[in-house]
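Just below is one structure, and these are the notes that go with it.
2 protein chains.
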Amino acid sequence: MTERKNLSSNKTGRKKAVVLTSGGLDSTTTLAIALSDGFECICLSFQYGQRHHVEIAAAQRVAAAMNIARHEIIPVDLGRVGGSALTADIDVPAGRDPETMAAGIPVTYVPARNTIFLSYALAWAEVLCAPDIFIGVNAVDYSGYPDCRPEYIAAFEQMANLALRDAVEGRITIRIHTPLLHMSKADIIRTGIRLGVDYGLTHSCYNPRQDGLACGVCDSCILRLNGFNEAGAADPARYVSR
Amino acid sequence: MTERKNLSSNKTGRKKAVVLTSGGLDSTTTLAIALSDGFECICLSFQYGQRHHVEIAAAQRVAAAMNIARHEIIPVDLGRVGGSALTADIDVPAGRDPETMAAGIPVTYVPARNTIFLSYALAWAEVLCAPDIFIGVNAVDYSGYPDCRPEYIAAFEQMANLALRDAVEGRITIRIHTPLLHMSKADIIRTGIRLGVDYGLTHSCYNPRQDGLACGVCDSCILRLNGFNEAGAADPARYVSR
């Protein structure tokens with residue numbers, strides 16, 4: 000366990016956390032919160048065959064801007080599984096109002112995505128002695144995804160503490176932090192602005208153009224634009240048509 | 000969801016199951032049990048940077064011999080995470096008796112391995128409408144791994160049914176089948192022989208030679224050899240030194 004001992008030694012004396020980052024608005028705000036809570040953060044991003052793969056570049060920009068010493072980008076081939084508008088040849092919905100979005104689980108749902116991502120986070124959490132895991136799930140603005148609900152997160156946390164050697168042997172307790180869970184998009188944006196997040200670095204669009212411009216009409220763009228509007232702030236993202 | 004409808008249509012009329020196979024003795028017996036229970040089986044194997052990567056070839060031989068129509072081999076980079084004798088530069092123990100093995104969690108423990116594997120299985124289970132998942136975990140002969148215990152499996156199943164759209168909306172119920180959980184290695188081998196398993200196709204050694212010969216002294220070889228001995232059967236595997 001040589002590597003482990005090396006990695007767990009912490010020059011800064013700060014507690015370490017694993018933060019799942021996608022380059023989007025929510026996970027970037029989550030990272031800012033984890034940093035402001037005093038954690039030394041290791042970021043994990045996933046290349047999962049998503050059509051909006053420009054988000055990996057955004058995650059890298061964000062990690063660099065926030066001085067993250069370790070950022071792992073993990074290939075996860077969910078494109079082979081399919082079953083989602085984000086990974087298969089299924090159209091992303093456009094022009095929907097937030098009420099319609101909240102009415103059901105959208106086609107942008109990716110089977111078992113958060114479970115797979117959090118499972119990788121467990122492996123890293125154990126090896127790096129970083130039992131605090133941050134994920135930017137939200138159950139308010141976009142309640143459709145089952146794996147963004149508090150009961151799911153609680154069940155995952157319980158399972159995690161039965162799965163890992165260091166948890167079972169009492170050396171760590173996995174805690175899944177979901178600071179955005181009950182915040183509106185506007186609250187998230189206000190929090191991020193207060194913490195100095197540069198939202199110009201982030202990417203939210205599910206259906207970006209080749210040149211990276213956001214579509215402005217997918218569910219993710221609409222929630223983002225409404226959030227900035229409600230927060231009384233300007234969205235620095237670049238859109239195709241406004 | 001076109002792909003999904005296609006895949007869920009089932010010419011044979013049999014219920015579909017996802018079976019995690021490693022090419023080893025336990026998962027091969029588990030597959031034989033799932034088939035004899037009447038399931039049409041989709042096999043998932045994981046290339047996770049394990050030092051005994053010859054097991055993937057064994058999993059392919061097994062799937063072919065058992066006429067499995069679909070066998071997915073999924074790359075999962077656990078070598079980058081490290082923390083285990085199976086994926087990092089840590090010696091595999093040799094010459095231990097089963098009592099010593101059972102006394103603690105061995106260095107061959109891989110952080111979050113079953114959680115990551117089962118999480119991928121969830122994605123495939125949902126997309127293929129195959130909510131029955133079989134995994135060859137065993138809590139008797141090798142009780143050291145925390146993610147082989149019944150309480151872990153129960154917690155994972157509970158989490159799974161909160162994670163997936165089709166489970167939350169009542170179309171499927173994920174069930175994690177662990178037919179070997181309380182069987183001794185000898186019982187497992189007797190069951191497999193009764194079901195016609197050709198154990199000559201399987202691979203168990205943690206530390207195989209380049210030519211694929213099993214070492215005969217790692218924990219996995221010792222448990223296998225003891226199991227065959229107790230079952231009164233000859234082990235068809237080829238060993239370096241006996």
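Protein chains in written order, with numbering that gives the first Met the number 0: chain S, 0 to 241; chain P, 0 to 241.
Backbone N, C-alpha and C fix where the C-beta goes; we use that ideal spot for every residue, glycine too.
All values derive from a computational prediction rather than experimental measurement.
Restricting to runs no shorter than 3 residues, where is the beta strand (DSSP E) found entirely within the stretch 164-210 of chain P?
174-176
Using beta carbons (cut-off 8 angstroms, strictly below), is residue 158 of chain P in contact with chain S?
The residue given as residue 158 of chain P occupies position 159 in the second sequence. It does: the Cβ of residue 158 of chain P has a partner Cβ on chain S nearer than 8 angstroms.
At which residues does the alpha helix (DSSP H) containing residue 161 of chain S begin and terminate?
Counting from one through the first sequence, the residue named residue 161 of chain S turns up at place 162. Start and end: 149-162.
I'd like to know whether the C-beta of residue 155 of chain S is nearer than 8 angstroms to at least one C-beta of chain P.
Numbered from its first residue, the first sequence carries residue 155 of chain S at position 156. By this cut-off, residue 155 of chain S is an interface position.
What do you reckon, are the CB atoms on residue 17 of chain S and residue 41 of chain S nearer than 8 angstroms?
Taking the first sequence and counting its residues from 1, the one referred to as residue 17 of chain S is at position 18. Taking the first sequence and counting its residues from 1, the one referred to as residue 41 of chain S is at position 42. Going by C-beta atoms, residue 17 of chain S is nearer than 8 angstroms to residue 41 of chain S.
Tell me which same chain residues have a C-beta within less than 8 angstroms of the C-beta of residue 182 of chain S, skipping the five on either side of it?
Counting from 1 along the first sequence, the entry for residue 182 of chain S is found at position 183. Only 137, 139 and 190 meet the Cβ criterion.
Since residue 119 of chain P meets chain C, which of its residues come closer than 7 angstroms, beta carbon to beta carbon?
This model lacks chain C altogether; the protein chains it does include are S and P.
Residues of the stretch 65-78 of chain P with a CB closer than 9 angstroms to any CB of chain S: list them in chain order, please.
71, 73, 74, 75, 76 and 77
Express the C-alpha separation of residue 173 of chain S and residue 228 of chain P in angstroms, rounding to a whole number.
Sequence index remark: in the second sequence, residue 228 of chain P carries index 229 (1-based). Sequence index remark: in the first sequence, residue 173 of chain S carries index 174 (1-based). Taking the straight line from one Cα to the other gives about 41 angstroms.
Tell me, which residues are paired with residue 131 of chain P by DSSP?
Stepping through the second sequence from its first residue, residue 131 of chain P is reached at position 132. DSSP output for residue 131 of chain P lists P:16 and P:174 as bridge partner(s).
When burial is assigned at 16 or more other CB atoms within 10 Å of the CB, is residue 35 of chain P buried or exposed?
The residue labelled residue 35 of chain P in the question sits at position 36 within the second sequence. Flag for residue 35 of chain P reads exposed.
So, using beta-carbon positions, are residue 163 of chain S and residue 127 of chain S closer together than 8 angstroms?
Locating residue 163 of chain S in the first sequence gives position 164, where the first residue counts as 1. Locating residue 127 of chain S in the first sequence gives position 128, where the first residue counts as 1. Cβ atoms of residue 163 of chain S and residue 127 of chain S: not closer than 8 angstroms.
Tell me which residues share the same chain as residue 115 of chain S and place their Cβ nearer than 7 angstroms to its Cβ, disregarding the 5 neighbours each side in the sequence.
On the first sequence, position 116 is the one that residue 115 of chain S refers to. Excluding sequence positions up to five before and after residue 115 of chain S, its CB lies within less than 7 angstroms of the CB of 75, all in the same chain and listed in chain order.
Same chain, Cβ closer than 8 angstroms to residue 13 of chain S, five either side skipped, listed in chain order:
The sequence position of residue 13 of chain S within the first sequence is 14, counting from 1. The residues are 37, 38 and 39.
Inter-stretch contact at 8 angstroms, needing at least 3 Cβ pairs: the stretch 198-206 of chain P / the stretch 154-171 of chain P:
no
8 angstroms is my cut-off, CB to CB: does residue 213 of chain P come that close to chain S?
Within the second sequence, numbered from 1, the residue matching residue 213 of chain P stands at position 214. Answer no: the Cβ-Cβ gap between residue 213 of chain P and chain S never drops below 8 angstroms.
Backbone secondary structure at residue 223 of chain P - three-state DSSP:
The residue labelled residue 223 of chain P in the question sits at position 224 within the second sequence. Residue 223 of chain P: helix per DSSP, three-state reduction.
Nearest-angstrom Cα separation, counted from residue 58 of chain P out to residue 196 of chain P:
Locating residue 196 of chain P in the second sequence gives position 197, counting from the first residue. Locating residue 58 of chain P in the second sequence gives position 59, counting from the first residue. Cα-Cα distance, rounded: 13 angstroms.
Need the endpoints of the beta strand (DSSP E) that residue 69 of chain S sits in, please.
Residue mapping note: residue 69 of chain S aligns to position 70 of the first sequence, counting from 1. Secondary structure note for residue 69 of chain S: its beta strand (DSSP E) is the uninterrupted segment 69-74.
Quick one: give me the first and last residue of the alpha helix (DSSP H) that residue 21 of chain P is part of.
Residue 21 of chain P sits at position 22 when you count from the first residue of the second sequence. Run containing residue 21 of chain P: none; DSSP gives neither H nor E here.
Residue 152 of chain P to residue 130 of chain S, Cα distance in whole Å?
As a working mapping, residue 152 of chain P is identified with position 153 in the second sequence. As a working mapping, residue 130 of chain S is identified with position 131 in the first sequence. Distance between the alpha carbons of residue 152 of chain P and residue 130 of chain S: 21 angstroms.
Tell me, please, whether the CB atom of residue 196 of chain P is closer than 8 angstroms to any CB atom in chain S?
As a working mapping, residue 196 of chain P is identified with position 197 in the second sequence. By this cut-off, residue 196 of chain P is not an interface position.
What's the gap between the Cα of residue 98 of chain P and the Cα of residue 216 of chain P?
Position 99 of the second sequence, counted from the start, is the residue given in the question as residue 98 of chain P. Position 217 of the second sequence, counted from the start, is the residue given in the question as residue 216 of chain P. If you take the alpha carbons of residue 98 of chain P and residue 216 of chain P, they lie about 15 angstroms apart.
Please decide whether residue 163 of chain P counts as near chain S, where near means a Cβ-Cβ distance under 8 angstroms.
Mapped onto the second sequence, residue 163 of chain P falls at position 164. Answer yes: the Cβ-Cβ gap between residue 163 of chain P and chain S drops below 8 angstroms somewhere.
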